[in-house]
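Below is one structure, written out as structure tokens; comments come after it.
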């Protein structure tokens with residue numbers, strides 16, 4: 401052992417720190433060499449080889465708890481264990497890639513929480529005369545809908561796309577925005593609700609496809625949470641929605657509130 405090297409030299413040769421070498425000792429992965437006549441531990445070729453093996457496996461992503469059994473395994477078990485480590489690393493890479501993509505989408509605003517199709521719907525709204533507050537409320541409602549009723553989300557998007565293509569719906573909705581400045585008991589609220597209900601009844605496709613309506617009917621609690629979002633900020637909108645739905649129910653159109 402007189403021609404061995406110190407722990408500092410061993411760590412430098414292998415490419416790790418002295419602290420790491422000592423950690424390997426504590427984990428039982430590398431036996432501590434015997435002390436020489438001067439009281440120093442000297443690392444020979446056997447210890448250096450083991451250090452290199454442990455460092456290489458650890459750097460490849462093998463958990464330290466599995467390194468010892470892996471080094472002591474026969475060829476078949478070693479290959480099987482490595483394949484399992486590779487599988488877990490691949491899964492981890494996919495997870496990290498997804499996180500990175502989410503970070504990139506965060507830099508692009510809505511796209512972190514909504515698919516491109518939903519973002520395209522939101523991007524159309526300002527050009528149709530909808531104000532920032534309305535667009536923000538719609539964005540939040542879409543985020544909630546996607547999380548709470550995922551099975552009804554695509555149908556909701558199709559419904560919004562159809563509504564934005566309908567000039568009558570766009571005009572009535574803009575009037576609904578203007579109504580937010582009215583008092584909740586303003587008689588014009590009931591008139592606007594009647595006009596909205598009549599427009600829906602004349603254009604039933606605007607209410608959504610049957611499958612989408614069934615999905616929302618099964619999720620009445622979630623619907624109420626989404627529908628009442630921001631109610632404290634827009635009491636007129638809440639009353640307008642309630643009156644419109646009441647007229648539709650009276651005409652035989654089901655509502656998730658039922």
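Residue numbers (this note's numbering): 401 to 658.
Cβ coordinates follow ideal geometry from the N, Cα and C atoms, glycine included.
When DSSP labels each residue in this structure, what does residue i get in the three-state scheme?
| i | result |
| --- | --- |
| residue 618 | coil |
| residue 586 | coil |
| residue 457 | helix |
| residue 473 | coil |
| residue 531 | coil |
| residue 498 | helix |
| residue 645 | helix |
Taking the DSSP output, what are the residues bridged to residue i?
| i | result |
| --- | --- |
| residue 443 | 405 |
| residue 563 | DSSP output for residue 563 lists no bridge partner at all. |
| residue 492 | DSSP, once it has assigned bridges, lists no residue as partnering residue 492. |
| residue 435 | 441 |
Whose C-beta lies closer than 6 Å to the C-beta of residue i among residues of the same chain, with five residues either side of it excluded?
| i | result |
| --- | --- |
| residue 563 | 569 and 606 |
| residue 450 | 430 |
| residue 420 | none |
| residue 424 | 430 and 454 |
Comparing alpha-carbon positions, which option in the options lies nearest residue i?
| i | options | result |
| --- | --- | --- |
| residue 530 | 413, 496, 576 and 548 | 576 |
| residue 459 | 416, 571, 625 and 519 | 416 |
| residue 528 | 486, 491 and 572 | 572 |
| residue 404 | 434, 492 and 491 | 434 |
| residue 609 | 599, 499, 558 and 590 | 558 |
Suppose contacts are defined by Cβ-Cβ distances below 8 Å. Is residue i in contact with residue j by that definition?
| i | j | result |
| --- | --- | --- |
| residue 584 | residue 639 | yes |
| residue 644 | residue 602 | no |
| residue 582 | residue 574 | no |
| residue 496 | residue 514 | no |
| residue 466 | residue 481 | yes |
| residue 457 | residue 470 | yes |
| residue 462 | residue 485 | yes |
By Cβ distance below 8 Å, which residues in the same chain neighbour residue i in space, the five residues on each side in sequence not counted?
| i | result |
| --- | --- |
| residue 406 | 440, 441, 442 and 443 |
| residue 651 | 597 and 601 |
| residue 586 | 579 and 636 |
Spatial neighbours of residue i within its chain, please: C-beta separation below 7 Å, excluding the five flanking residues on both sides.
| i | result |
| --- | --- |
| residue 437 | none |
| residue 622 | 548 and 549 |
| residue 659 | Outside the shown range of the chain, which is 401 to 658, sits residue 659, and nothing can be said about it. |
| residue 535 | 522, 525 and 526 |
| residue 560 | 521 |
Within 8 Å of any Cβ in chain D, is that where the Cβ of residue i sits?
| i | result |
| --- | --- |
| residue 565 | Chain labels in this structure do not include chain D; a single protein chain is all it has. |
Is the beta carbon of residue i within less than 7 Å of some heavy atom of the ligand FMN?
| i | result |
| --- | --- |
| residue 559 | Absent from the structure shown: the ligand FMN. Ligands present: none. |
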